[in-house]
Amino acid sequence: KDCAEISLKDINQLASTSFPLCMRHLFGKLREDHHLKHQGRMQLGLFLKGVGLKLEDALAFWRAEFSQKVGAERFDKEYAYSIRHNYGKEGKRTDYTPYSCQKIIMSTPSTGDHHGCPYRHFSEENLRAALNKMGVGGRAMDDIMDKVRNRHYQLACTLTFEATHGTSCETGINHPNQYFVESRKFFES
Ligand code: SF4
């Protein structure tokens, strides 16, 4: 179920309306630091591929950020390959699949990493702050934190979707790309 192409000029707006928290966080950190470590690049890069960002746009997107940190030349030499690789254009030419929630939740980010699932890997304080930034508060916040305490991370994410879209999400969230598709369906209907 491939969804439509997305274009680079819409990406900021799409990130703020339709990215799940894990991808919002990576996207924000990339914009802020102009850099992400390998696992973060994989998690966000494959997600962006999955939502329909074409290879040329993906290269332009990562290049614009990384060149501010490491320079365009080093980006082209050291990082562009792995982006083409994600799109199956290098190496074994495997077309890599975007990560599921389960895979992301099971990952083990350490200090300085930004991949992973915020519901699982953030401190309570950081999670509350991130949810607040998405406009979540009050009763919805309490319900989400309750799910997190019981280790129901995908349910916490589903409740976040419901709180920020003002609609129910009966299927539940099990994949970041599914979150995106459900969100676009909601906003475009
Ligand atoms: Fe991302 Fe899934 Fe965690 Fe939601 S539950 S933040 S989509 S990994």
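Numbering (UniProt numbering), first residue to last: 258 to 446.
Idealized CB from N, CA, C, for every residue including glycine.
DSSP-derived helix/strand/coil call for residue 247:
Because the chain here runs from 258 to 446, residue 247 falls outside it and cannot be looked at.
DSSP-derived helix/strand/coil call for Leu283
Working through the sequence shown from its first residue, we reach residue 283 at position 26. In this structure, Leu283 counts as helix in the three-state DSSP scheme.
With a threshold of 6 angstroms on Cβ separation, who are the neighbours of Pro366 within its own chain once the five nearest residues in sequence on each side are excluded?
In the sequence shown, counting from the first residue as 1, residue 366 sits at position 109. His372, Gly373, His378, listed in sequence order.
Which runs of the alpha helix (DSSP H) spanning at least 4 residues fall entirely within the stretch 338-418, listed in chain order?
Here the runs fully enclosed are 358-363, 375-378, 381-390, 395-406.
With a Cβ-Cβ cutoff of 7 angstroms, do Phe318 and Leu271 count as a contact?
By one-based count along the sequence shown, residue 318 stands at place 61. By one-based count along the sequence shown, residue 271 stands at place 14. It is not a contact, given that the beta carbons lie outside the stated cut-off.
Measure the C-alpha to C-alpha separation of Arg341 and Asn434 and round it to an integer number of angstroms.
Residue mapping note: residue 341 aligns to position 84 of the sequence shown, counting from 1. Residue mapping note: residue 434 aligns to position 177 of the sequence shown, counting from 1. Each residue's alpha carbon lies about 20 angstroms from the other.
Do the CB positions of Gln411 and Cys358 come within less than 7 angstroms of each other?
For the purposes of this step, residue 411 is taken as the residue at position 154 of the sequence shown. For the purposes of this step, residue 358 is taken as the residue at position 101 of the sequence shown. The Cβ atoms of Gln411 and Cys358 sit closer than 7 angstroms to each other.
Using the three-state DSSP reduction, which class does Leu293 fall into: helix, strand or coil?
Position 36 of the sequence shown holds residue 293. In the structure shown, Leu293 falls within a coil segment according to DSSP collapsed to helix, strand and coil.
Exposed or buried, Lys349, counting other C-beta atoms within 10 Å across all chains shown (16 or more means buried)?
For the purposes of this step, residue 349 is taken as residue 92 along the sequence shown, with counting starting at 1. Result: exposed.
Helix, strand or coil, according to DSSP, for Arg441 in the structure here?
Start at 1 with the first residue of the sequence shown, and residue 441 comes out as number 184. Correct three-state label for Arg441: helix.
Starting from Leu312, follow its DSSP beta bridges and name the residues at the other end.
Working through the sequence shown from its first residue, we reach residue 312 at position 55. Among the bridge pairs identified by DSSP, Leu312 is matched with none.
Helix, strand or coil for Thr424? Go by DSSP, reduced to three states.
By 1-based counting over the sequence shown, the position of residue 424 is 167. In this structure, Thr424 counts as coil in the three-state DSSP scheme.
Does Ser324 come out as helix, strand or coil in the three-state DSSP assignment?
Counting from one through the sequence shown, the residue named residue 324 turns up at place 67. Helix.
With H, G and I counted as helix, E and B as strand and the rest as coil, what does DSSP make of Pro433?
Start at 1 with the first residue of the sequence shown, and residue 433 comes out as number 176. In the structure shown, Pro433 adopts helical secondary structure according to DSSP, grouped into three states.
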